[in-house]
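There are 2 protein chains.
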Amino acid sequence: MNKASGPTNYDELRGAIAQRHRTLSGRLQQIAEFVLDHPTDVALGTVAEVAQRSGVPPSAIVRFAHALGFGGFTEMQQVFRSRLVAGVAPSYKARLARMKSEEKSVLGRQPAAVLSRFVSEAQSALAALSQSVHARELDAATAILAKARDIYLVGLGGSFPVATHLAYVLRKLGRRVVLLDGTGGSIHEQSHAATRDDALVAISFRNYYTDTARLFAELVGRGVPTISITDSLLSPIAEGASVVFEIQDMPEPALRTLVAPMCLVQALAIGLDLAVD
Amino acid sequence: MNKASGPTNYDELRGAIAQRHRTLSGRLQQIAEFVLDHPTDVALGTVAEVAQRSGVPPSAIVRFAHALGFGGFTEMQQVFRSRLVAGVAPSYKARLARMKSEEKSVLGRQPAAVLSRFVSEAQSALAALSQSVHARELDAATAILAKARDIYLVGLGGSFPVATHLAYVLRKLGRRVVLLDGTGGSIHEQSHAATRDDALVAISFRNYYTDTARLFAELVGRGVPTISITDSLLSPIAEGASVVFEIQDMPEPALRTLVAPMCLVQALAIGLDLAVD
DNA sequence: CATAAAATGAAACGAATATTCTGACCGCCA
DNA sequence: TGGCGGTCAGAATATTCGTTTCATTTTATG
């Protein structure tokens with residue numbers, strides 16, 4: 181039965197698995213998902229190990245290899261191993277390719293060059309973030325959120341994704357969140373119930389939405405503790421805030437990747453969750 | 181006999197071999213030179229294979245392992261294998277750092293430590309992104325978006341911020357965008373008008389929303405060109421898509437920073453804008 | 001509902017593996 | 001020359017491995 185031979189390299193194998201995934205039966209689908217998620221385990225493990233980690237009997241692993249056209253598990257494993265040996269010395273090749281694409285970034289209207297440009301820009305934005313944010317601000321913000329009954333979030337326009345992400349994570353962690361998105365009325369109506377026992381997280385970058393600024397001023401006036409995430413200490417949501425996170429060098433709205441504020445709000449939410457235990 | 185344990189990583193092993201090389205006896209020196217020249221063979225081969233290629237009997241290989249402080253060949257082989265997995269997986273370093281910080285969970289609970297952890301995780305996610313996304317896929321996706329009359333976007337739950345960000349940027353660039361958010365009815369009603377002259381960008385990660393999957397299948401069936409951003413080739417929005425961007429190693433929903441997909445959609449939008457001139 | 005077909009999992013088989021053991025070999029010094 | 005410590009290669013062994021088999025369950029089909 182060794183006549184039939186399956187894919188010969190890892191990419192082909194992935195394609196073959198994805199293609200046949202629907203037609204495979206339950207157990208085999210389960211194995212397909214596992215091997216795509218843990219290719220290294222398959223490359224280095226034994227049948228018994230792979231079987232145990234994926235929660236199936238060993239015979240099912242062999243059946244899976246047969247279904248893909250291999251003569252057995254060992255034959256399929258060779259493909260996974262080829263991925264490992266190919267990846268062991270990628271540094272030179274990858275760097276060469278990267279430098280080439282970065283060179284072309286001057287000419288570079290090609291989408292690949294655009295991507296690598298944004299990636300490197302995001303990298304430096306993250307580096308700047310961890311340097312500019314201090315522990316004192318993080319601690320203060322965490323304390324405010326920990327005491328808050330309801331957490332109000334506002335971020336309009338280009339900052340809306342950041343607000344929705346923070347809302348999502350906080351809700352996952354069991355917090356009561358009011359996301360001010362303005363649907364079905366004004367954000368002022370939505371925030372009417374906010375008191376000094378609650379908290380507001382405001383996110384806004386140039387050009388600042390006047391709605392965000394007005395709402396911020398109103399809640400500050402009512403004594404609501406406020407955390408601002410913005411790009412300047414002179415922004416309309418900086419003065420009066422309990423804590424200000426300043427994220428500098430934000431590009432113009434259409435060119436933002438938002439990675440820095442996304443990372444920050446993530447850390448705020450998780451840090452809050454870890455702190456209250 | 182497991183008392184003696186040799187070096188635990190490849191660099192230590194190389195140092196140990198170089199150091200003891202003089203004191204080793206003839207056959208063992210011969211083996212030492214071979215394993216330093218062919219580490220991959222040692223990592224993936226059997227004792228018999230390594231013995232044959234290096235021109236020594238199998239028992240000599242085992243004695244060599246013993247001489248280095250290992251309990252046997254298998255134990256030494258683990259070190260050579262660790263070298264392989266370290267080279268292929270860019271997230272290896274990040275996971276290591278994560279485990280370390282989780283070990284130090286006492287310090288790791290401070291918000292500042294949480295932030296730096298997410299930052300470093302985001303860094304490696306970006307590195308993995310630029311390595312896994314190929315120019316071919318970017319070009320194909322750009323071509324689809326360029327031809328589209330209306331661009332439909334769907335991303336629910338944790339992926340919603342990505343969808344809103346893409347919608348924002350595309351609208352800034354003058355594209356006609358329909359963001360399927362389900363407000364005021366089902367997303368199926370909102371997408372009723374989509375035709376093969378339009379395009380759909382679907383974003384979904386584990387656990388996949390069934391609404392996203394259903395909508396995706398429906399529009400694919402209607403012949404609408406589709407770009408999928410997901411975390412597995414086996415995800416419900418992969419099969420039938422015109423282009424699939426696979427972003428691997430996405431953490432569990434509450435711990436995602438979304439930096440990789442955010443960066444990708446940004447590059448897609450800007451790349452589209454530059455390409456149509 | 002009855003029957004056939006396919007899929008599944010536990011166990012057993014044979015092959016291949018890493019390791020240990022034994023006797024022979026070599027250089028060294030008295 | 002004759003013993004001696006260390007090294008060696010090859011056979012012996014116990015273990016582990018991949019694969020197959022088969023009874024049972026599940027699923028599809030009439």
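If you read the protein sequences in the order shown, they are chains A and B.
Under the working numbering, the first residue of the first sequence is numbered 181, with each subsequent residue one higher.
Under the working numbering, the first residue of the second sequence is numbered 181, with each subsequent residue one higher.
Positions of the beta carbon are idealized from the N, C-alpha and C atoms, including for glycine.
In this text, all values refer to a predicted model and were calculated from it rather than measured experimentally.
Sequence-distant residues of its chain with Cβ nearer than 8 Å to B/Ala231 (five each side left out): Along the second sequence, one-based indexing puts residue 231 of chain B at 51. Setting aside the 5 residues that flank it on each side, B/Ala231 is surrounded in the same chain by Pro237, Pro238, Ala240, Ile241, each with a C-beta closer than 8 Å to its C-beta; the list follows chain order.
At least 3 beta-carbon pairs within less than 8 Å: the stretch 381–390 of chain A vs the stretch 408–421 of chain A: With a cut-off of 8 Å, the stretch 408–421 of chain A and the stretch 381–390 of chain A count as touching, because enough Cβ pairs lie within range.
Where A/Gly338 meets chain B, residues with beta-carbon distance less than 7 Å: Here residue 338 of chain A refers to the residue found at position 158 of the first sequence. Under the 7 Å cutoff, chain B gives Tyr348.
Top-ranked residue by Cα proximity to A/His368, from A/Asp391, A/Leu346, A/Thr375: Translated into the one-based positions of the first sequence, residue 368 of chain A becomes position 188. Of A/Asp391, A/Leu346, A/Thr375, the residue nearest in Cα terms is A/Asp391.
Interface partners of A/Gln303 on chain B, CB under 7 Å: Against the first sequence, residue 303 of chain A aligns to sequence position 123. Contacts between A/Gln303 and chain B, judged by CB atoms closer than 7 Å, involve Gln303, Leu306 in chain order.
Other residues of its chain near B/Val215: CB distance less than 6 Å, five sequence neighbours each side excluded: Residue mapping note: residue 215 of chain B aligns to position 35 of the second sequence, counting from 1. Val222, listed in sequence order.
Extent of the continuous beta strand (DSSP E) run through A/Thr410: On the first sequence, position 230 is the one that residue 410 of chain A refers to. From DSSP, the beta strand (DSSP E) with A/Thr410 extends over 406–410.
C-beta neighbour in chain B for A/Glu426, strict 7 Å: Translated into the one-based positions of the first sequence, residue 426 of chain A becomes position 246. Not one beta carbon of chain B lies nearer than 7 Å to the beta carbon of A/Glu426.
Rounded straight-line distance, which links the Cα of B/Ala308 to that of B/Arg459: It is not possible to answer for residue 459 of chain B, since the shown part of chain B is limited to 181 through 457.
Sheet register partners of B/Phe260 (DSSP bridge): Numbered from its first residue, the second sequence carries residue 260 of chain B at position 80. By DSSP's assignment, B/Phe260 forms no beta bridge with any residue.
Cβ-based neighbour list, A/Ala347, same chain, cut-off 8 Å, excluding 5 preceding and 5 following: Locating residue 347 of chain A in the first sequence gives position 167, where the first residue counts as 1. These residues qualify, in order along the chain: Leu333, Val357, Leu359.
Simplified DSSP assignment, three categories, for B/Ile460: Given that chain B is displayed from residue 181 to residue 457, the structure contains no residue 460 of chain B and the question cannot be resolved.
A/Gly354 versus B/Val404: straight-line alpha-carbon distance, rounded: Here the question's residue 354 of chain A lines up with position 174 in the first sequence. Here the question's residue 404 of chain B lines up with position 224 in the second sequence. Going by C-alpha positions, A/Gly354 is about 38 Å away from B/Val404.
According to DSSP, residues forming a beta bridge with A/Val424: Within the first sequence, numbered from 1, the residue matching residue 424 of chain A stands at position 244. Paired residue(s): A/Ser408.
Nonlocal neighbours in the same chain, by C-beta distance under 7 Å from B/Leu204, ignoring five residues either side: In the second sequence, residue 204 of chain B corresponds to position 24, counting from 1. So the qualifying residues of the chain are Ala212, Ala247.
Terminal residues of the beta strand (DSSP E) in which B/Val456 lies: Working through the second sequence from its first residue, we reach residue 456 of chain B at position 276. Premise fails: B/Val456 is in no beta strand (DSSP E) and is neither H nor E.
Collapsed DSSP secondary structure at A/Leu380 in the structure displayed: If you number the first sequence from 1, residue 380 of chain A lands on position 200. Reduced to three states, the DSSP call for A/Leu380 is strand.
Outcome for A/Ala228 when other beta-carbon atoms lying within 10 angstroms are tallied against a minimum of 16: For the purposes of this step, residue 228 of chain A is taken as residue 48 along the first sequence, with counting starting at 1. Classification of A/Ala228: exposed, given that the 10 Å Cβ count is below 16.
7 Å Cβ cut-off: residues of chain B touching A/Met442: As a working note, residue 442 of chain A is residue 262 in the first sequence. The answer, in chain order, is Thr437, Leu438, Val439, Met442.
Cut-off 6 Å between Cβ atoms - residues of its own chain near A/Val423, not counting five sequence neighbours on either side: The sequence position of residue 423 of chain A within the first sequence is 243, counting from 1. Within the same chain, Cβ atoms closer than 6 Å to the Cβ of A/Val423 are found at Glu317, Ala320, Ala321, Ile407, the five residues on either side in sequence being excluded.
Limits of the alpha helix (DSSP H) - the one that A/Val294 falls within: Within the first sequence, numbered from 1, the residue matching residue 294 of chain A stands at position 114. Where A/Val294 is concerned, the enclosing alpha helix (DSSP H) stretches over 291–312.
Beta-carbon contacts of B/Val456 that lie in its chain and below 7 Å, excluding the five residues immediately before and after: Stepping through the second sequence from its first residue, residue 456 of chain B is reached at position 276. Cβ-Cβ distances below 7 Å link B/Val456 to Ala326 in the same chain, with the five nearest sequence neighbours on each side left out; the list follows chain order.
C-alpha gap between B/His345 and A/Val265, whole angstroms: Working through the second sequence from its first residue, we reach residue 345 of chain B at position 165. Working through the first sequence from its first residue, we reach residue 265 of chain A at position 85. When only Cα atoms are considered, B/His345 and A/Val265 end up about 39 Å apart.
Burial state of A/Ala293 (16 or more Cβ within 10 Å): Residue mapping note: residue 293 of chain A aligns to position 113 of the first sequence, counting from 1. The residue is buried, with at least 16 neighbouring Cβ atoms inside 10 Å.
Straight-line Cα distance separating A/Pro441 from B/Ala305: Numbered from its first residue, the second sequence carries residue 305 of chain B at position 125. Numbered from its first residue, the first sequence carries residue 441 of chain A at position 261. CA-CA distance, B/Ala305 to A/Pro441, rounds to 16 Å.
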